[in-house]
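A.B. asks: Residue numbers (my numbering): 4 to 504. C-beta: ideal position from N, C-alpha, C; glycine also. Because the structure is a prediction, the values reported are computed rather than measured.
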Amino acid sequence: MSEFDYDLIVIGSGPSGRTAAIQAAKLKRRVLVIDRKDRLGGVSVHTGTIPSKTLRETVLNLSGWRERSFYGRSYRVKDQIKADDLKARLHMTLDYEVDVLEHQFNRNHVDTLSGMAHFIGPNEVEVEIEAGDTTTVTGEKFLIATGTRTYRPEYVPFNGTTVVDGDEFLEMAEIPRSLIVVGAGVIGVEYATMFAALDVRVTLIEPRDTFLDFIDRTLIQEFTHQIRENGLDLRLGSAIKSIEDEGDHIEVTLENGRHIRGEMLLFAAGRMGNTDRLNLSAVGLETDHRGRLAVERKTYQTKVGHIYATGDVIGHPSLASTSLQQGRVAACHALDTPTVPESPWYPYGIYSVPEMSTCGMSEEELNERGVPYEVGIARFRETSRGHIMGLEHGMLKMLFSLKTRRVLGVQIVGEGATELIHIAQAVLNLQGTVDYFVQNTFNYPTLAEAYKIAGLDAFNRMPIPDEYKVPSAAKPKKAATKKTAAKSQEKRDTDSQKAAE
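#1: Is it a yes or a no for the stretch 68 to 88 touching the stretch 24 to 33, going by three-plus beta-carbon pairs under 8 Å?
#2: Does the beta-carbon distance from His252 to Arg264 come in below 9 Å?
#3: Suppose the cutoff is 8 Å on Cβ atoms and the five residues either side in sequence are ignored; what does the same chain contact list for Val166 look like?
#4: Can you look up Asp236 in the DSSP assignment and give me helix, strand or coil?
#5: Does the stretch 388 to 400 come into contact with the stretch 430 to 450, if we say contact requires no fewer than three beta-carbon pairs (one atom in each stretch) closer than 8 Å?
#6: With contact counted as at least three CB pairs below 8 Å, one residue from each stretch, are the stretch 366 to 377 and the stretch 328 to 348 in contact?
#7: Taking all protein chains shown into account, do 16 or more other C-beta atoms lie within 10 angstroms of the C-beta of Thr151, making it buried, or fewer, making it exposed?
#8: Compute the beta-carbon to beta-carbon distance between Arg204 and Leu239, rounded to the nearest angstrom, for a pair I have assumed lies under 8 Å.
#9: Compute the distance between the beta-carbons of Glu358 and Val416, then report whether it is under 9 Å.
#10: Just grab the DSSP bridge partners of Tyr351 for me.
#11: Evaluate the contact criterion for the stretch 140 to 150 versus the stretch 309 to 326: three or more CB pairs, one atom per stretch, below 8 Å.
#12: Would you please state the rounded distance, in angstroms, between the beta carbons of Ser55 and Glu193? I believe it to be under 8 Å.
#13: Are the beta-carbon atoms of Ile178 and Phe198 separated by less than 9 Å?
#14: Contact check, Ala427 vs Cys362 under 8 Å by CB: the rounded distance?
#15: Kindly indicate which three-state DSSP category Gln304 falls into: helix, strand or coil?
#16: Could you check if Val286 is buried or exposed, using at least 16 other CB atoms within 10 Å of its CB as the buried criterion?
#17: Would you call the stretch 116 to 125 and the stretch 31 to 38 touching, i.e. three or more CB-CB distances under 8 Å?
#18: Note the first and the last residue of the continuous alpha helix (DSSP H) segment covering Tyr439.
#19: Quick one, which of Asp339, Thr96, Thr305 has its alpha-carbon nearest Arg30's?
#20: By the DSSP assignment, the beta strand (DSSP E) with Val255 in it spans what residues?
#21: Can you tell me the Cα-Cα spacing of His228 and His396, whole angstroms?
#22: Over the uninterrupted beta strand (DSSP E) stretch that includes Gln414, give me the two end residues.
#23: Which residue marks the beginning of the alpha helix (DSSP H) containing Ser517, and which one marks its end?
#24: Report the rounded CA-to-CA distance for Arg42 versus Asp170, giving the unit in angstroms.
#25: Of the choices Leu394, Arg409, Gly188, whose alpha-carbon is the least far from that of Tyr154?
#26: Can you tell which of Lys301, Gly250, Asp469 has the C-alpha that lies nearest to the C-alpha of Asn162?
#27: Could you tell me the distance, in whole angstroms, from the CA atom of Ala333 to the CA atom of Tyr471?
#28: Between Ser72 and the rest of its own chain, which residues show a CB-CB distance below 6 Å, the 5 nearest in sequence each way excluded?
#29: Taking the straight line between their C-alpha atoms, what separation do you get for Ala337 and Gly20?
Here you go:
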């Protein structure tokens, strides 16, 4: 038996903590998951990924958003949509997610402990179970998967009702008639566009001149056009001077002198790593200014060999999807078990209205690297499926190498973008070329047919490889003249005589 209580102690039960614990348990190791909340799942299940995506689906369904191109902008599935309508589906989904996670832990014999953990030695953590009550457990290896929390600067007068952060926003008592969202990051953009789809008057403020800079600029231009057409007021390039709670409204003053009023303000500008209460100094670890830990990106090992970190607490890319992978890889490495390395190409998904998803390089990256490329574009309205669904917008853009013909990047904005992107991911990881999209047949009618259209769009402008060129027709033989015919006959007679001799 080991001298420690557990082979692996996981602090945090979000996506990466969950997969790490289950992977370690499947390797027949003793595993403990510590989470500060009474219910498992972490930020992803309770205030982040799952709630926001559930809210989006509820908004689109109840508002009749997807059918408005057929039945008019005034079309509604439910005329009076209230906050309780949004939260009913939300709570059902969260209960189900927690139930599934608890079942997975029980089935794989993963121990759990609710409380706030902090290190008291290299291999020992103390857990505050209840007020004043603590317990101590030891582990051979540790995985920190504590995620992040909302950033709450002092100049924002948070009150939990009309001035809220991303966690409090989900508990709104009623849907506001006007909403101010501060911060055009992924969270801010998602919530701003969702409520614009509910016909709430939304103003999205971003101090920088640009937003979502990791996304291809062509896609952002298309997206910006669509959200403004949907009624969202996008204010870029001016920082906030002050935020005042006036009782019956919230007033924001920008440094350029403009004033914005709204019934509610959502502050969604940044997040901080949940590491301040871990007492990391006891094990010789430090964080950056946002509370994030540095790791070796192939193994997720910190500078302290027996301690690993995964998920949002290590920063970019801060996606639930990548966190799921990171936890599995980290557990395997910590327990000296060989595993398949992570794929170099993973998709980004932004569940806004419309949604966006990308995989691979953007056009800006290719230009910076000096890579010669060709672009193929397809509009969803060009597809029969797009007409059937009533899609007026939506675009798929693909980038191909002119040298190797390989796919270098794919960007999608519009209905189903986060599902469609996986075709691109597969072709990218298999080093596929533009020829794949030209040669293969896609179901008809589907939105996936946009790949074929975009592939042909680029293919028709790219040099045709020699192996695809049709050989020129053989030149016909000239008719033999009497003179040449006589010489040929004479030669045949001579050959025949020699053969007989």
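C.D. replies: According to the structure shown:
#1: Three or more beta-carbon pairs separated by less than 8 Å are not found between the stretch 68 to 88 and the stretch 24 to 33, which leaves the two stretches without contact.
#2: Yes, the Cβ-Cβ distance between His252 and Arg264 is below 9 Å.
#3: These residues qualify, in order along the chain: Val159, Pro160, Ile246, Asp248, Ile253, Met267, Leu268, Phe270.
#4: Judged by DSSP in its simplified three-state form, Asp236 adopts strand.
#5: They touch, by the three-pair rule.
#6: Counting Cβ pairs under 8 Å, fewer than three are found: no touch.
#7: With 16 or more other Cβ atoms within 10 Å, it is buried.
#8: Between Arg204 and Leu239 the beta-carbon gap is near 18 Å, outside 8 Å, which marks them as no contact.
#9: Yes, the Cβ-Cβ distance between Glu358 and Val416 is below 9 Å.
#10: Beta-bridge partners of Tyr351 (DSSP): Thr361.
#11: Verdict: yes, contact present.
#12: Ser55 to Glu193, Cβ: 6 Å. Contact.
#13: Cβ atoms of Ile178 and Phe198: closer than 9 Å.
#14: Contact flag correct, Cβ pair sits at about 5 Å.
#15: Gln304: strand per DSSP, three-state reduction.
#16: In this structure Val286 is buried. Its beta-carbon is surrounded by 16 or more other beta-carbon atoms within 10 angstroms.
#17: Judged by Cβ distances under 8 Å, the stretch 116 to 125 makes contact with the stretch 31 to 38, as three or more pairs qualify.
#18: For Tyr439, the enclosing alpha helix (DSSP H) covers residues 437 to 442.
#19: A quick correction: the sequence has Leu, not Arg, at residue 30. Residue Asp339 is the option with its Cα nearest to Leu30.
#20: Under the DSSP assignment, Val255 falls in the beta strand (DSSP E) whose first and last residues are 253 to 257.
#21: If you take the alpha carbons of His228 and His396, they lie about 10 Å apart.
#22: For Gln414, the enclosing beta strand (DSSP E) stretches over residues 410 to 416.
#23: In the structure displayed, the chain extends from 4 to 504; residue 517 sits before or after that span and is not available.
#24: Put simply, the backbone Cα of Arg42 is about 16 Å away from that of Asp170.
#25: The shortest C-alpha to C-alpha distance from Tyr154 to any of Leu394, Arg409, Gly188 is the one to Gly188.
#26: Measuring from the Cα of Asn162, the nearest candidate turns out to be Gly250.
#27: Rounded to the nearest angstrom, the two C-alpha atoms are 46 Å apart.
#28: Closer than 6 Å at the Cβ level, and outside the excluded window around Ser72, lie Gly393, Glu395.
#29: The alpha-carbon atoms of Ala337 and Gly20 are separated by roughly 13 Å.
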